[in-house]
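Residues are numbered in the working numbering as their position in the sequence shown, beginning at 1, plus a constant of 123.
A quick write-up on the structure given underneath.
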Amino acid sequence: MSKEILLVKTSSLGDVIHFLPAVSDIKAFVPDSDIDWLVEEPFAGIPRLHPGIRDVIPVSLRRWRRGLFKKQARMEVGQFIRGLRQLRHDYVIDSQGLMKSALLAVLARGPVYGADRVSAREPLASAFYKYRYPVPRERHAVERGRILAAGIFGYGIEQMPLNYGIACDEPRAEWLPPGRYVACLHGTSRASKFWAEDRWIGLLRELIAAGVAPVLPWGNAAERERSDRLAKEVAGAVVAPHQTLAQLAAMLAQADAVVGVDTGPVHLAVALGRPTVALYTDTDPAQTGVYPMPGKTGINLGGIGASPAVADVADALKDIGLF
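Okay, here's the thing in structure tokens:
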């Protein structure tokens, strides 16, 4: 009989992407496994890209919290719990290590596995697990996910090449510019992670001078306004239309390169195998930087309090052969 596995990794986009290689490992070492994934509904498109995932179970914690006292939200919560309880899994794996993910894991039917108290992001979450495993906190998030899964199923990953396991083969969108283009991901959830607009303008001009079209995606009104401002300063820059997560993935998969700040889509670009330059200003890339597969290129620039210069980014793009 197959091993029924439920993965609990709800958010954020980057965290969800970081756990994809663990899915590839499980399918390689536990071939008789059927894997479901519990994830926040805005990010459900990412697990669906992995052929090793049987079913995606969306949860709407963020939306439900906003409507906590509304009848519709309470009805949806009840429907979600009843649906989850109808399923039975041999392994319920909380790979997030937070109280919210641990509580979701214990709602499911099956023994709960996770990191031990020292390793969990929120130590109290480990109290909800039946089985606990050490996962070095200093390791990169991708490695932490792989180590947790390997400990649970008793295999080693030392000789197993990193594989995000996803692909996106959609036709090229009609709005994309002809020829080469670079996706420029300027939007992020925290202001301290922004790369200054004057530096973006300098980089966009470098790209145009090299005959490469910059494409400026956006995910909300503020990011759309920033895309418009940047495009007004640099003739030839292209502002993307509104995109679903699947459409964004297709656009990134076809880019000649991707440059982005510390944001989920920059990790998606790396997972899709695209040459990527990631810009860090307020976080440590040693633990959450882009993490490419063997033979692929991902370059992390900057760090906490160390915003990269335009010349640094241009040099990195030269190193990957764009210029």
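For glycine and all other residues, C-beta sits at the position ideal for the given N, C-alpha and C.
Remember, it's a predicted structure, so these values are computed and weren't measured experimentally.
Anticipated Cβ contact below 8 Å, residue i with residue j, distance rounded
{"i": "Ala336", "j": "Gly302", "result": "7 Å"}
{"i": "Leu375", "j": "Leu391", "result": "6 Å"}
{"i": "Ile176", "j": "Val146", "result": "7 Å"}
{"i": "Leu143", "j": "Ile280", "result": "Rounded, the Cβ-Cβ distance is 14 Å, inconsistent with contact."}
{"i": "Leu161", "j": "Leu227", "result": "6 Å"}
{"i": "Ser218", "j": "Gly387", "result": "The pair is not a contact, with the Cβ atoms about 16 Å apart (cut-off 8 Å)."}
{"i": "Arg232", "j": "Arg208", "result": "6 Å"}
{"i": "Val338", "j": "Asp351", "result": "14 Å between Cβ atoms; not a contact."}
{"i": "Pro234", "j": "Val215", "result": "7 Å"}
Range covered by the alpha helix (DSSP H) that runs through residue i
{"i": "Arg255", "result": "First-last for Arg255: 254-256, but that is the beta strand (DSSP E), not the alpha helix (DSSP H)."}
{"i": "Tyr223", "result": "As written in the sequence, residue 223 is Lys, which differs from the Tyr given in the question. Per DSSP, Lys223 belongs to the alpha helix (DSSP H) from 222-230."}
{"i": "Pro170", "result": "168-171"}
{"i": "Ala354", "result": "344-356"}
{"i": "Val139", "result": "136-141"}
{"i": "Glu320", "result": "320-332"}
{"i": "Ala373", "result": "368-376"}
Terminal residues of the beta strand (DSSP E) in which residue i lies
{"i": "Leu130", "result": "126-131"}
{"i": "Asp178", "result": "176-182"}
{"i": "Leu308", "result": "304-308"}
For residue i, three-class secondary structure by DSSP
{"i": "Val235", "result": "strand"}
{"i": "Ala151", "result": "helix"}
{"i": "Val160", "result": "First, the amino acid is wrong: residue 160 is Trp here, not Val. If DSSP states are grouped into helix, strand and coil, Trp160 belongs with the strands."}
{"i": "Val382", "result": "strand"}
{"i": "Ile443", "result": "coil"}
{"i": "Leu191", "result": "coil"}
{"i": "Pro337", "result": "strand"}
{"i": "Asp435", "result": "helix"}
{"i": "Val146", "result": "helix"}
{"i": "Asp217", "result": "strand"}
{"i": "Val200", "result": "helix"}
Counting only runs that start and end within the region 385-433, where is the beta strand (DSSP E) found for 3 or more residues in a row?
399-403, 421-425
Assess, as a yes-or-no matter, whether the region 378-394 is touched by the region 307-314 under the definition of 3 or more beta carbon pairs within less than 8 Å.
yes
Sequence ranges, alpha helix (DSSP H) only - wholly within the region 260-297, length at least 4:
264-276
Could you tell me whether the region 153-173 touches the region 249-258, using the rule of 3 or more Cβ pairs below 8 Å?
no
The region 401-409 contacting the region 315-329, beta-carbon criterion three pairs below 8 Å:
yes
For the region 422-436 against the region 362-370, are there 3 or more C-beta pairs whose distance is under 8 Å?
no
Counting beta carbon pairs with one atom in the region 267-287 and one in the region 413-429, are three or more of them shorter than 8 Å?
yes
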